[in-house]
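Asker:
4 protein chains.
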Amino acid sequence: MLVVMSKSATEQHVKDVCTAISQLGFEARPMPGEQRTAIGVVGNDRRVDDSHIRGLPGVANVIHVSAPYKQVSREWRQDRTVIELTNGVRIGGDEVVVMAGPCAVESEEKLLEVAALVAKSGATILRGGAYKPRTSPYSFQGLGVDGLKILAKARAQYGLAIITEAIDHASADAVAEYADIVQIGARNMQNFALLKHVGSLGRPVMLKRGMSATMKEWLLAAEYILNAGNPNVILCERGIRSFDSATRNVMDITAVALAKTLTHLPIVADPAHATGRRDMVAPVARASIAVGADGVMVETHPRPNEALSDGPQSLYPQQLDDLIGQLRQISEMLGRPLGQLSR
Amino acid sequence: MLVVMSKSATEQHVKDVCTAISQLGFEARPMPGEQRTAIGVVGNDRRVDDSHIRGLPGVANVIHVSAPYKQVSREWRQDRTVIELTNGVRIGGDEVVVMAGPCAVESEEKLLEVAALVAKSGATILRGGAYKPRTSPYSFQGLGVDGLKILAKARAQYGLAIITEAIDHASADAVAEYADIVQIGARNMQNFALLKHVGSLGRPVMLKRGMSATMKEWLLAAEYILNAGNPNVILCERGIRSFDSATRNVMDITAVALAKTLTHLPIVADPAHATGRRDMVAPVARASIAVGADGVMVETHPRPNEALSDGPQSLYPQQLDDLIGQLRQISEMLGRPLGQLSR
Amino acid sequence: MLVVMSKSATEQHVKDVCTAISQLGFEARPMPGEQRTAIGVVGNDRRVDDSHIRGLPGVANVIHVSAPYKQVSREWRQDRTVIELTNGVRIGGDEVVVMAGPCAVESEEKLLEVAALVAKSGATILRGGAYKPRTSPYSFQGLGVDGLKILAKARAQYGLAIITEAIDHASADAVAEYADIVQIGARNMQNFALLKHVGSLGRPVMLKRGMSATMKEWLLAAEYILNAGNPNVILCERGIRSFDSATRNVMDITAVALAKTLTHLPIVADPAHATGRRDMVAPVARASIAVGADGVMVETHPRPNEALSDGPQSLYPQQLDDLIGQLRQISEMLGRPLGQLSR
Amino acid sequence: MLVVMSKSATEQHVKDVCTAISQLGFEARPMPGEQRTAIGVVGNDRRVDDSHIRGLPGVANVIHVSAPYKQVSREWRQDRTVIELTNGVRIGGDEVVVMAGPCAVESEEKLLEVAALVAKSGATILRGGAYKPRTSPYSFQGLGVDGLKILAKARAQYGLAIITEAIDHASADAVAEYADIVQIGARNMQNFALLKHVGSLGRPVMLKRGMSATMKEWLLAAEYILNAGNPNVILCERGIRSFDSATRNVMDITAVALAKTLTHLPIVADPAHATGRRDMVAPVARASIAVGADGVMVETHPRPNEALSDGPQSLYPQQLDDLIGQLRQISEMLGRPLGQLSR
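Protein chains in written order, with the numbering used here: chain D, 45 to 387; chain X, 45 to 387; chain E, 45 to 387; chain Z, 45 to 387.
Set out below in structure tokens:
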């Protein structure tokens, strides 16, 4: 930490800041300059809480040198986290994974129909919402536990692993019982009570990036889950908010590559939610694998026009097959095979 | 709703869209133009779910004419919502209210000391966090129910109404028992499960705007609470995220005036969280009342440098007194007295 | 400047960075810590160009302590810059100024009609575009020099000072000849060639903030003008770009108060361009004066519906009169009279 | 265009709007609904200027159906624009191009050294700034015409085409004389006077996207150049501004794919300026080609640590070679060869 004093700070101000730093248990190193004094803080093994310093007289600014997160960082753990699911699929290792399925579970018949085409396409993880966080209270909110049971049936039948979203404590408990990965949506990324709870459930968690979350905030949200005892967290970049309404969100493709340098956790990309347009899903999915993502999540539906939600961003079955073919070529070029079902 | 067809759409495409509109129970009115056909949708009394239309062949765009929210809108209810608290203070009526207090409840002794100065300053509502949603899991997370009991003691002693934040179902139940207003923080603005829950508790709710929430999303979040049976919602503008790190957030001052035209709900402003700097709180609080806010929320502490959280944005007692003096003059100029304790 | 080394940096890396700092003529002060070494740079009297340092092996980050601007900063010059115009009106002193007029100069007859009502309202500076930078090449681009001559006629007749926009070297020369203040629009805020040119013309310049310019970039743009020899620069906050399309831009009200702490230059606010809606102009103008602006710029038109551009954000004459009455009350409450014509 | 009336609009209001639409030469089609009336505007062959309509009594909103640009749109021209340079290299056709070189031209010796390695790497276009638009007036501003002469020498020697930036009329004239492509930087994207000027020079123009420009604004800026008589415009996505400072900008990868659907103009990507970090350049360049870009522009330097500007984002020669190898594989997978020098 570096405390920057204002030009007009007195010697007494500098002294008082040094005293405050000592009282926090650290060493203060004043560096008088031409223009102003800066005071280095030495001896901390992680980010210092600056609230006692920032408001002191003569302090112009407090600059943090260390990242505020710890257990999620690559400096803390050099080896990549590799998560192995019940169907043998691994996330974060050499393989690249494809998660596919409908936006929402609508009925057993429809879900099993999608599951069949997902399994055939070469994807290994089935997605589908049973609890849907919808912007409007008047929109379809999901089938709940009934939806989870349908997903479990699809898993039994096709060997796919299951990922589905939890929106509160009760749904998280249910999802952890029926699914392989508990998804936390963008709107709940800083629902810290829920993060702590899923951190205690022992199931892998996929944490979507909040719509305007910085990398730091996202990694700190993941830190909540690790700190609650669950090391198996997958990050998911799904687009951030910007000034342009040309697409629903802006896919922050660099964040995927950057995450690889900052954390040991796996990261996947969700081009459908990032763009909101079917014709953008394949190009952005290709870009995601080319930039280094550990996988992609896409939406598919046998007849997208009939879907109850997010139909316009769902791939037709043929599009899914073509896309997976392209992703295989790009990932193999980068030395990574596409993950597949073992049976 | 208006469905815009692409230039290359065929007559059959137009026909199919008209059929789909009819199947939703509405009337389709095609308008062939020089360049392209647009199809008006008539007969809907609120926003139509467009997912079945948006992906049809030949559709270029779907444009919504009606707002997606309903019960919160001024078109739905012309009269302003006025919320009367147990200490007689009214929010949303002619009076302008000041909410003040520490960021967090740290101890009974300290809280009662702040409450005394808040009551003396002319503010009528005491704020103070018992449950703190913190970005980092390693930061102070609040005293919980013990904090609520301390707040209740301050209420009994000074006649101030109490506002404090809830972060999940359990804390919401506790807050509703001890406080006058349940606060939902920016990070939980789209925690829909929590919104539904506080909508069922019968206590006024203050809903902070999410860091990157549009006006529409914010009003839809309020709609969740009204739709769950609770008409007493106060909006709170607390700054939005932007590209400039010169201040913590950007106070969206226009949103306050705009909310007045869109909804009948009261709106207050939180200049401390919007700016993150003590020296910006007073100017931005003045601006908030000048633009038409129904109140402001500020942080104060007898000795800000000792505060466990958000000290750097807390007002010194003298600053609070001076600010309230200025706010009184501006609000009276606009024909609104400053609300005061009845006893 | 502080150079933060990565955890894995070797002693040799640290040594090499220290050598590089010495070669730039500064002193290096290494501070070994628990986790990593940071190296303070001492002896610079302004921001050091970090390009030779940032890419060296072992460097994790370079943090700047000093602001990159100089002549515009309050540390460089404590006294406020006060600009006196030919009609005696002063900007940046105690008085608050109102600039008003049509978006564009459309004809002599219409401009003189507006000028009459502007003078009557109590405003002292007449605005009106002769060169219009329009987003589309198919929109009205202004009358050019003919427009300037009309503005000069209005000045002669009503004693108002004139402000109007320049868009390139040639128009800047013409504007400097006919007007009292040369306006640089938001889209040209980083047109550095134009900034240098208007810095050489000897006329006061009003520099609008770019749509996504940080405070630093804005002040550095002003620095270009001062550095070219022109100390008379007025800043103008006109709203920044955000994710919400509810209003055209987001008025960054805090930036006005913040500018007062960072620079000695005057700052005015433009609520019409910040909001794009007539009904938002008065509330946001009140907020601007309440937050501490040195003035506001508004658009007015005798019959806004007939205006060739930006009619929807122009005030009706009666609205202008009412607004100026309110602004007078707020500014006097803050101890600042409203500037007026001396004759 | 669709005019949406407010719920409280009277029949007379609707009539007046219809009259105003007729006076503009178009046909009005009122659609009375349950809640409000909407009025379709028919007969326009491009976007109508709405300023005369938007402010009329009873008008709630005006919604544009047509895009505001014309000559740049794919609806206007289905065939892709393919630009052939003097060295035979084509942009916008089947081939993918690589532009590489130093940030700035620093000396003849250094530039020729870079040109040699660029030619050897397989890139076909040499970049290098002679006029540098710098945020600070105290930074290196380029060698001007001397720099252009050096670039011309490199072209003669290595057969590379030359791209370099113009910042005002005079520099544009000089660049058009010496270089193959005139670059307009992000900060000048809406410098309309400059756009018109380069539209008249007869040289291909590369137009970088403004830091917070929407797709619409960017395409309208290109429209200025086409409208001035120059059909040879290349778009360049170089990252947009966001709330996160983790990287310098956010590469809007989707914009590349989206541009392909909206316009017939070629589009390339600039991962160095989008990210500002050397270790992000290769992954993001791969993503750019995977998403469908017609080329990439990168920075390279034999010894990046010695570069006068933007060294930290320059590739080492070996990194450039490796990257071009990867780009070749991805582009060939998509059926596009990498463009090469004919000699």
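Yeah, the Cβ is synthetic: ideal placement off N, Cα and C, and Gly gets one too.
1) So, do the segment 364-383 of chain Z and the segment 358-378 of chain D have three or more beta carbon pairs nearer to each other than 8 Å?
2) Within the 8 Å Cβ cut-off, does residue 51 (chain D) reach chain E?
3) Quick one: give me the first and last residue of the alpha helix (DSSP H) that residue 170 (chain Z) is part of.
4) Could you tell me whether the Cβ of residue 231 (chain X) comes closer than 8 Å to any Cβ of chain D?
5) If we count Cβ pairs, one from each stretch, closer than 8 Å, do we get three or more for the segment 256-264 of chain D versus the segment 258-269 of chain X?
6) Here's the rule: buried if 16 or more other CB atoms are within 10 angstroms of the residue's CB, otherwise exposed. What is residue 55 (chain X)?
7) Quick one: residues in its chain with C-beta nearer than 7 Å to the C-beta of residue 219 (chain E), no 5 flanking neighbours on either side, listed in chain order?
8) Could you tell me if residue 73 (chain X) is buried or exposed, where buried requires 16 or more neighbouring beta carbons within 10 angstroms of its beta carbon?
9) Where does residue 252 (chain E) sit, in a helix, a strand or coil, going by DSSP?
10) Contact between the segment 103-119 of chain Z and the segment 325-341 of chain Z: three or more CB pairs below 8 Å?
11) Taking only heavy atoms of the ligand HEM into account, decide whether any of them is closer than 7 Å to the Cβ of residue 315 (chain Z).
12) What separation, rounded to the nearest whole angstrom, lies between the Cα atoms of residue 230 (chain D) and residue 246 (chain X)?
13) Only counting the same chain, and skipping five residues up and downstream in sequence, which positions put a Cβ closer than 8 Å to that of residue 122 (chain D)?
14) Measuring CB atoms only, is the segment 284-295 of chain E touching the segment 292-301 of chain X, in the sense that at least three cross pairs come out at less than 8 Å?
15) Using 10 angstroms around the beta-carbon of residue 221 (chain E), count the other beta-carbons present and answer buried if the total reaches 16, otherwise exposed.
16) Taking Cβ positions only, does residue 84 (chain Z) come closer than 8 Å to chain X?
17) From residue 344 (chain X) to residue 359 (chain X), what distance separates their C-alpha atoms?
18) At what residues does the alpha helix (DSSP H) containing residue 271 (chain X) begin and finish?
19) For residue 150 (chain D), count neighbouring C-beta atoms within 10 Å of its own C-beta (all shown protein chains included) and say buried if the count is 16 or more, exposed if not.
20) Let me confirm a value: residue 179 (chain X) is counted as buried when at least 16 other C-beta atoms fall within 10 Å, else exposed. Which label applies?
21) Should residue 80 (chain D) and residue 48 (chain D) be called a contact, given that it needs their Cβ atoms to be closer than 8 Å?
22) Please list the residues of the segment 342-358 of chain X that have a C-beta atom closer than 9 Å to any C-beta atom in chain D, keeping them in chain order.
23) Pick helix, strand or coil for residue 349 (chain Z), following the three-state DSSP scheme.
24) Does any residue of chain X bring its CB to less than 8 Å from the CB of residue 79 (chain Z)?
25) Return the first residue and the last residue of the alpha helix (DSSP H) that residue 324 (chain Z) is part of.
26) Does the contact criterion of 3 or more C-beta pairs under 8 Å hold for the segment 132-150 of chain E versus the segment 159-174 of chain E?
27) Only counting the same chain, and skipping five residues up and downstream in sequence, which positions put a Cβ closer than 7 Å to that of residue 64 (chain Z)?
28) Answer yes or no: do residue 224 (chain Z) and residue 130 (chain Z) have a C-beta to C-beta separation smaller than 8 Å?
29) Shorter than 8 Å from the beta carbon of residue 75 (chain Z) to some beta carbon of chain X?
30) Please work out which residues of its chain come closer than 8 Å, Cβ to Cβ, to residue 244 (chain E), disregarding the five sequence neighbours upstream and downstream, and give them in chain order.
31) Counting only beta-carbon atoms, is residue 88 (chain D) nearer than 8 Å to chain E?
32) Let me know if residue 357 (chain D) comes out buried or exposed under the rule of 16 or more other beta-carbons within 10 Å of its beta-carbon.
33) Does the beta carbon of residue 67 (chain D) sit closer than 8 Å to a beta carbon anywhere in chain X?
34) Might you give, ordered along the chain, the residues of its own chain that have their beta carbon closer than 8 Å to the beta carbon of residue 161 (chain X), omitting 5 neighbours on each side?
35) Determine the DSSP secondary structure at residue 372 (chain D), reduced to helix, strand or coil.
36) With a Cβ-Cβ cutoff of 8 Å, do residue 38 (chain D) and residue 339 (chain D) count as a contact?
Answerer: In short:
1) Yes, since at least three Cβ pairs between the segment 364-383 of chain Z and the segment 358-378 of chain D fall closer than 8 Å, the two stretches touch.
2) Against the first sequence, residue 51 (chain D) aligns to sequence position 7. Taking Cβ atoms only, chain E reaches closer than 8 Å to residue 51 (chain D), which makes this a yes.
3) The residue you call residue 170 (chain Z) lines up with position 126 of the fourth sequence. Careful: residue 170 (chain Z) lies outside any alpha helix (DSSP H), inside the beta strand (DSSP E) at 169-171.
4) Along the second sequence, one-based indexing puts residue 231 (chain X) at 187. Cβ-Cβ to chain D under 8 Å: yes for residue 231 (chain X).
5) Look at the beta carbons and you see the segment 256-264 of chain D not touching the segment 258-269 of chain X: under three pairs across the two are nearer than 8 Å.
6) Here residue 55 (chain X) is taken as the residue at index 11 of the second sequence, counted from 1. Exposed.
7) Translated into the one-based positions of the third sequence, residue 219 (chain E) becomes position 175. Excluding positions up to five away in sequence, the list reads 192, 208, 210 and 226.
8) Within the second sequence, the letter at position 29 stands for residue 73 (chain X). Buried, since its Cβ has 16 or more Cβ neighbours within 10 Å.
9) Residue 252 (chain E) sits at position 208 when you count from the first residue of the third sequence. Strand, per DSSP.
10) With contact defined as three or more Cβ pairs closer than 8 Å, the segment 103-119 of chain Z and the segment 325-341 of chain Z are not in contact.
11) Absent from the structure shown: the ligand HEM. Ligands present: none.
12) The count along the first sequence starts at 1 and reaches residue 230 (chain D) at position 186. The count along the second sequence starts at 1 and reaches residue 246 (chain X) at position 202. For residue 230 (chain D) and residue 246 (chain X), the distance between alpha carbons rounds to 29 Å.
13) Along the first sequence, read from residue 1 onward, the residue named residue 122 (chain D) stands at position 78. Within its own chain, the residues whose Cβ lies closer than 8 Å to the Cβ of residue 122 (chain D), once the five positions on either side in sequence are excluded, are 308, listed in chain order.
14) Three or more Cβ pairs drawn from the segment 284-295 of chain E and the segment 292-301 of chain X lie within less than 8 Å of each other, which places the two stretches in contact.
15) Within the third sequence, residue 221 (chain E) is the residue found at index 177, counting from 1. Burial call: exposed.
16) Indexing the fourth sequence from 1 puts residue 84 (chain Z) at position 40. Yes, because at least one Cβ of chain X sits closer than 8 Å to the Cβ of residue 84 (chain Z).
17) For the purposes of this step, residue 344 (chain X) is taken as residue 300 along the second sequence, with counting starting at 1. For the purposes of this step, residue 359 (chain X) is taken as residue 315 along the second sequence, with counting starting at 1. In a straight line, the C-alpha of residue 344 (chain X) is about 5 Å away from that of residue 359 (chain X).
18) Along the second sequence, read from residue 1 onward, the residue named residue 271 (chain X) stands at position 227. In this chain, the alpha helix (DSSP H) harbouring residue 271 (chain X) covers 259-271.
19) The residue labelled residue 150 (chain D) in the question sits at position 106 within the first sequence. Counting Cβ neighbours within 10 Å, residue 150 (chain D) comes out buried, since at least 16 surround it.
20) Translated into positions along the second sequence, residue 179 (chain X) becomes position 135. Buried is the call here.
21) As a first step, residue 80 (chain D) is located in the first sequence; it is residue number 36 there, counting from the start. As a first step, residue 48 (chain D) is located in the first sequence; it is residue number 4 there, counting from the start. Closer than 8 Å, so yes.
22) When CB distances to chain D are screened at a threshold of 9 Å, the residues of the segment 342-358 of chain X falling below it are 348, 349, 350, 351, 352, 353, 354, 355, 356, 357 and 358, in chain order.
23) Locating residue 349 (chain Z) in the fourth sequence gives position 305, counting from the first residue. It is helical.
24) Counting from 1 along the fourth sequence, the entry for residue 79 (chain Z) is found at position 35. At least one chain X Cβ lies under 8 Å of residue 79 (chain Z).
25) In the fourth sequence, the residue the question calls residue 324 (chain Z) occupies position 280. Looking at the DSSP string, the run of the alpha helix (DSSP H) that includes residue 324 (chain Z) is 322-335.
26) Proximity of the segment 132-150 of chain E to the segment 159-174 of chain E meets the contact definition, three or more beta-carbon pairs being nearer than 8 Å.
27) Within the fourth sequence, residue 64 (chain Z) is the residue found at index 20, counting from 1. Excluding sequence neighbours, residue 64 (chain Z) sits near 96, 97 and 100.
28) Translated into positions along the fourth sequence, residue 224 (chain Z) becomes position 180. Translated into positions along the fourth sequence, residue 130 (chain Z) becomes position 86. Against a cut-off of 8 Å, the Cβ pair of residue 130 (chain Z) and residue 224 (chain Z) comes out as a contact.
29) As a working mapping, residue 75 (chain Z) is identified with position 31 in the fourth sequence. Taking CB atoms only, residue 75 (chain Z) has a neighbour in chain X less than 8 Å away.
30) Along the third sequence, read from residue 1 onward, the residue named residue 244 (chain E) stands at position 200. Counting only Cβ-Cβ distances below 8 Å, and skipping sequence neighbours, we find 272, 273 and 274.
31) The sequence position of residue 88 (chain D) within the first sequence is 44, counting from 1. The beta carbon of residue 88 (chain D) falls within 8 Å of a beta carbon belonging to chain E, placing the residue at that interface.
32) Residue mapping note: residue 357 (chain D) aligns to position 313 of the first sequence, counting from 1. With 16 or more Cβ atoms within 10 Å of its Cβ, residue 357 (chain D) is classed as buried.
33) Taking the first residue of the first sequence as position 1, residue 67 (chain D) is located at position 23. By this cut-off, residue 67 (chain D) is not an interface position.
34) Within the second sequence, residue 161 (chain X) is the residue found at index 117, counting from 1. Cβ-Cβ distances below 8 Å link residue 161 (chain X) to 344, 346, 361 and 364 in the same chain, with the five nearest sequence neighbours on each side left out; the list follows chain order.
35) Position 328 of the first sequence, counting from 1, holds the residue named residue 372 (chain D). Here residue 372 (chain D) carries a helix assignment [DSSP, helix/strand/coil].
36) Outside the modelled stretch of chain D, which goes from 45 to 387, sits residue 38 (chain D), for which no answer is possible.
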